[in-house]
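Here's the structure, in C-alpha cells; my notes come after.
Protein chains: 2
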Amino acid sequence: MAVPNKPVTTSSEAEAALFDMVDVYDRAYEVAAAGLSLSPAQACVLGRLGERRGMGALAEELGCDASNITQIVTRLEALGLVTREPDPRDRRGRLVARTPRGDEINDRFATDFTFARAAVGRLSPAEQDQLTALLRKALG
Amino acid sequence: MAVPNKPVTTSSEAEAALFDMVDVYDRAYEVAAAGLSLSPAQACVLGRLGERRGMGALAEELGCDASNITQIVTRLEALGLVTREPDPRDRRGRLVARTPRGDEINDRFATDFTFARAAVGRLSPAEQDQLTALLRKALG
DNA sequence: TTGATTACTTGATCGAATCAAGGATTATCG
DNA sequence: CGATAATCCTTGATTCGATCAAGTAATCAA
Chain A
1 MAVPNKPVTT SSEAEAALFD MVDVYDRAYE VAAAGLSLSP AQACVLGRLG ERRGMGALAE
61 ELGCDASNIT QIVTRLEALG LVTREPDPRD RRGRLVARTP RGDEINDRFA TDFTFARAAV
121 GRLSPAEQDQ LTALLRKALG
Chain B
1 MAVPNKPVTT SSEAEAALFD MVDVYDRAYE VAAAGLSLSP AQACVLGRLG ERRGMGALAE
61 ELGCDASNIT QIVTRLEALG LVTREPDPRD RRGRLVARTP RGDEINDRFA TDFTFARAAV
121 GRLSPAEQDQ LTALLRKALG
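Chains A and B supply the protein sequences, listed in that same order.
Anchor point for the first sequence: position 98 equals 98 in the numbering used here, and the numbering is continuous, going up by one each time.
Anchor point for the second sequence: position 123 equals 123 in the numbering used here, and the numbering is continuous, going up by one each time.
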C-alpha cells in the first residue's frame, strides 16, 4: 500500500480533489524512490542533505525520533550514499553528508520524481500562481 | 516520521505549495488515526468498509498485496472493529464488514480528521471550485 | 567539580509492505 | 465428467519505518 490515505468521506468536491492529489503524489514519490532501490524515507533524508546536517537537525525537520534517523542514516551509509563524521565543533554530534554517489542518486531521484513537475506543468503560469495562492490560503 | 515526503527540490512555488499541502495532509491523517489508537492503514481500511467488501477488492483499491490486507484486517478484527465472514456466493472469498463499534470508530475518525474540511473551509465557495478545477487539471 | 542537559546510539517491539508458497474453492476445457 | 488451471486468501519469512526506554559520551552550568 503506497500511502494508504484514502479518505473516509469526502464531503465536498474540493476535499475529494485534495485527497486525490495527495494520494497520487505519495504514490509517485514512492515509485520514484523504489526505482532507485530506496525507501521513501531514505530518499527523503538523502534529499535533505544538500548541506551537511546533524542527526538531530534531520530528526527535527522530519518530525521524528532521533533513533529513527540513526536507523535510516545507517542504511544510507551502508549503501555508500552518505557519510557520518564527528562534528569537530561538538563532539557529541555527528554531521551527515552525501557522498558523490549520494549526490548522483539524489539528482537522479529529483529527475525521476516527475509528478509534481508534470502536474504543475499542466497549468499555465497564471494558473500556477492561482493554485499556489489557493493552497497557501487553505493551509491557513 | 509522519510521512516523509519532504521534497528534494521544489523548483517552483506551486510545487512547493503542493508539497506542503501533501505533507500537512498526511501528518493530519496520521494524527487523527493515532488519536483513536489506529494506524493510518487501519483507519484507511476501516473507512473503505461502508459496504462489505472482499479482501481482494480492498487490496486492489489500496494497490497493495492481498497478504497485506490479511494482516490489517486481522488486527482490526482483533480490535472488534470488523468481521470477516465467508462469502456465501464464493466460498474462497471472505467478506469484511464493520461492526457497530467499527462504525462508531470510523465516524469518530471522520469527525476528528478535520484537516481537509478546515483547509477547504478557509476558501470561499468560488475559490473551492477554482481549487478543484486546478487540482483536477494538474492531475491530468 | 558536580550535576544536568544535549546528541546520538542501542535494543526491543510493533506495524506495514512484499514475496514465496500453499490450501481451498471455483472455472475451464478436453 | 474429470483433470488442470485460475482465483481467493492465508501463512511464514524478511525488510524497513516508527517509537520507546535506556544508555554512553560530551558539553554546559552552578
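Note that the Cβ used here is the ideal one computed from N, Cα and C, for glycine as well.
In whole angstroms, give me the CA-to-CA distance for residue i and residue j.
i, j, result
"Pro-86/B", "Asp-65/B", "20 angstroms"
"Arg-89/B", "Thr-99/B", "21 angstroms"
"Glu-51/A", "Leu-81/A", "14 angstroms"
"Glu-30/A", "Ile-69/A", "19 angstroms"
"Arg-122/A", "Arg-92/A", "48 angstroms"
"Ala-57/B", "Glu-15/B", "33 angstroms"
"Ala-138/A", "Ala-126/A", "18 angstroms"
"Thr-111/B", "Gly-35/B", "12 angstroms"
"Asp-124/B", "Val-73/B", "The sequence as given places Ser at residue 124/B; Asp does not occur at that position. In a straight line, the C-alpha of Ser-124/B is about 39 angstroms away from that of Val-73/B."
"Val-145/B", "Leu-49/A", "This structure cannot speak to residue 145/B, because chain B is shown only from 1 to 140."
"Ser-11/B", "Leu-38/B", "36 angstroms"
"Leu-134/A", "Gly-140/B", "19 angstroms"
"Ser-43/A", "Phe-113/A", "A small correction: the amino acid at residue 43/A is Ala; Ser does not occupy that position in the sequence shown. For Ala-43/A and Phe-113/A, the distance between alpha carbons rounds to 11 angstroms."
"Thr-83/A", "Arg-75/A", "11 angstroms"
"Gln-130/B", "Arg-94/A", "47 angstroms"
"Asn-5/B", "Ala-97/B", "With a pLDDT of 47 at Asn-5/B, under the threshold of 50, the predicted position of this residue should be treated as unreliable, though the coordinate-derived value follows. Their backbone Cα atoms lie some 32 angstroms apart in a straight line."
"Asp-20/A", "Arg-136/B", "9 angstroms"
"Ser-67/A", "Glu-77/A", "15 angstroms"
"Gln-71/A", "Gln-71/B", "25 angstroms"
"Met-55/A", "Ala-33/A", "21 angstroms"
Please list, in chain order, the chain B residues whose beta carbon lies closer than 7 angstroms to that of residue i.
i, result
"Gly-80/A", "Going along chain B, no residue has its Cβ under 7 angstroms from Gly-80/A, so there is no contact; the nearest lies around 19 angstroms."
"Thr-132/A", "Glu-13, Ala-14, Ala-17"
Below 8 angstroms on C-beta distance, what does residue i contact in chain B?
i, result
"Gln-128/A", "Ser-12, Glu-13, Ala-14"
List the residues of chain A that residue i touches, going by C-beta distances under 8 angstroms, in chain order.
i, result
"Val-120/B", "Ser-12, Ala-14, Glu-15, Leu-18, Ala-138"
Kindly identify the DSSP beta-bridge partner or partners of residue i.
i, result
"Ala-118/A", "According to DSSP, which records beta bridges pairwise, Ala-118/A is partnered with nothing at all."
"Val-82/B", "Arg-98/B"
"Gly-54/B", "Leu-95/B"
Check the Cβ of residue i against every Cβ in chain B and list those closer than 9 angstroms, keeping chain order.
i, result
"Leu-38/A", "Those do not exist, as Leu-38/A stays about 11 angstroms from chain B at its closest Cβ, beyond 9 angstroms."
"Leu-123/A", "Ala-14, Leu-134, Lys-137, Ala-138"
Between residue i and residue j, which are expected to be in contact by the criterion C-beta below 8 angstroms, what is the C-beta distance as a whole number of angstroms?
i, j, result
"Ile-105/A", "Leu-46/A", "7 angstroms"
"Tyr-25/B", "Ala-116/B", "7 angstroms"
"Glu-13/A", "Thr-132/B", "5 angstroms"
"Leu-18/A", "Val-120/B", "7 angstroms"
Classify residue i as buried or exposed, calling it buried when 16 or more other Cβ atoms lie within 10 Å of its own Cβ.
i, result
"Gln-128/B", "buried"
"Arg-53/B", "buried"
"Arg-108/B", "exposed"
"Ala-41/B", "buried"
"Gly-102/A", "buried"
"Ala-28/B", "buried"
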